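Residue numbers (this note's numbering): 5 to 404. Yeah, the Cβ is synthetic: ideal placement off N, Cα and C, and Gly gets one too. Remember, predicted model here, so these are calculated numbers, not experimental data. Notes to accompany the following structure.
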């Protein structure tokens, strides 16, 4: 009998069903189960308390949308084999598996490797263990498969990843601007000349999708308090790396972080993609590091002898975040010795990327136009506009 998993997902107001034995085996893999311990939105829960959802739930949600999209395309006469369906589903299921703790935030310190590269290495490792079951998935993920539209379903400006995270992040933060017509967009998907397109009737839903993504970036992903929390975490990890490993919180010599060696190993030195490829054990060590390690370590480091690190960790654990200001003009950079309590930076966001493959609209008469030409609302000037904001963070006045 075919084993079937039924998963309750509040975002889609119902159940997600998985009955493919290969997909179920991948879900049970330790690399994938680790995603339960990595928050989708990092430290955003310090601003929006409901944002506690994980990469695990997002990846299952994206899998669900992929299944629905493939069925729509097949019903419209697009030729997709069972093997290709499985490959596309596995590719979207594993598309985020290489993220580090707190998603994007810690990656700038712990490893010098993009999460997409670690994702590919993890997929290749699972593929070896499963005797080639992920061959097609890896080709689709890496954009080497001969049907390009399958890769676009995984990674493009209108992919299943973005459709799920916008709706999911909106649901758990309570920010309604992220709500998009997911069902409508998926029902309007089509393929033209091996490219993923949207049928003419779906143009307004695509317009709302682009605008919603833009609004979510400034209201959630780049919320100024979230940026302040991110900077605090980065400075904690940098300070821990700078002071070395001659102690732990209990004062013992080189006994490691409270939960063990993996986190300490990545704090002691930077690793490159070559390191990961040459040392298979490094990938397993990285897969052991998650949000829990960072949180336990910070609670541990509150009591260390280094006053700077201790203060930074106390601030994070007790949500005493730095003050932060945004401006349209650059701030004067902080000069002198390394300062872990104040600094400057820059954020930029473009809701649409013309350097990437454009979203295209398919008309009944056979014409296929990019959204920048097809839309009455989103002209090229609006779409290519990049918003840049500068920020400065500094210790908050305790009297305010």
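- If the five residues before and after residue 107 are omitted, its C-beta is found closer than 6 angstroms to the C-beta atoms of 46, all from its own chain and listed in chain order.
- Using a 10 angstroms sphere on the CB of residue 363, the tally of other CB atoms reaches 16 or more, which defines it as buried.
- Annotation: the continuous alpha helix (DSSP H) that includes residue 155 extends over 152-158.
- Contact between the stretch 273-289 and the stretch 338-357 is absent, with fewer than three C-beta pairs closer than 8 angstroms.
- Between the C-alpha atoms of residue 60 and residue 213 there is a straight-line separation of about 23 angstroms.
- Around the C-beta of residue 358, fewer than 16 other C-beta atoms lie within 10 Å, and the residue is accordingly described as exposed.
- Per DSSP, residue 203 is one residue of the beta strand (DSSP E) stretching across 199-203.
- Under the rule that a run must span 4 or more residues, the alpha helix (DSSP H) segments found entirely inside the stretch 275-316 read 277-282, 284-291 and 295-305.
- Inter-residue distance for residue 317 and residue 129 is about 35 angstroms (C-alpha atoms, whole angstroms).
- Between residue 29 and residue 134, the C-beta spacing is below 8 angstroms.
- Counting along the chain, the unbroken beta strand (DSSP E) around residue 350 starts and ends at 347-353.
- For the pair residue 328 and residue 231, the CB atoms are nearer than the 8 angstroms cut-off.
- For residue 13, the enclosing beta strand (DSSP E) starts and ends at 9-13.
- For residue 194, the enclosing beta strand (DSSP E) starts and ends at 193-196.
- Following the DSSP letters along the chain, one finds residue 171 inside the alpha helix (DSSP H) bounded by residues 164-177.
- Within the same chain, Cβ atoms closer than 7 angstroms to the Cβ of residue 295 are found at 41, 42, 43, 105 and 106, the five residues on either side in sequence being excluded.
- By the 16-neighbour rule on beta-carbons within 10 angstroms, residue 99 is buried.
- Shown here, residue 363 sits in coil according to DSSP, grouped into three states, outside any helix or strand.
- Listed as beta-bridge partners of residue 207 by DSSP are no residues whatsoever.
- Counted as a single uninterrupted DSSP element, the stretch harbouring residue 335 is not any beta strand (DSSP E), since DSSP gives it neither H nor E.
- The distance from the Cβ of residue 244 to that of residue 325 is about 18 angstroms, inconsistent with a contact at the 8 angstroms cut-off.
- Contact between residue 191 and residue 300 fails: their C-beta atoms lie close to 45 angstroms from each other, not under 8 angstroms.
- Within the same chain, and ignoring the five residues on either side of residue 11 in sequence, the residues whose Cβ sits closer than 8 angstroms to its Cβ are 19, 20, 21, 22 and 64.
- Membership of residue 392 in the beta strand (DSSP E) is indicated by the continuous run 391-398.
- Around the beta carbon of residue 392, fewer than 16 other beta carbons lie within 10 angstroms, which makes this residue exposed.
- About 7 angstroms separates the CB atoms of residue 96 and residue 165; that is less than 8 angstroms, so the two are in contact.
- Between residue 319 and residue 236, the C-beta gap is smaller than 8 angstroms, which places the two residues in contact.
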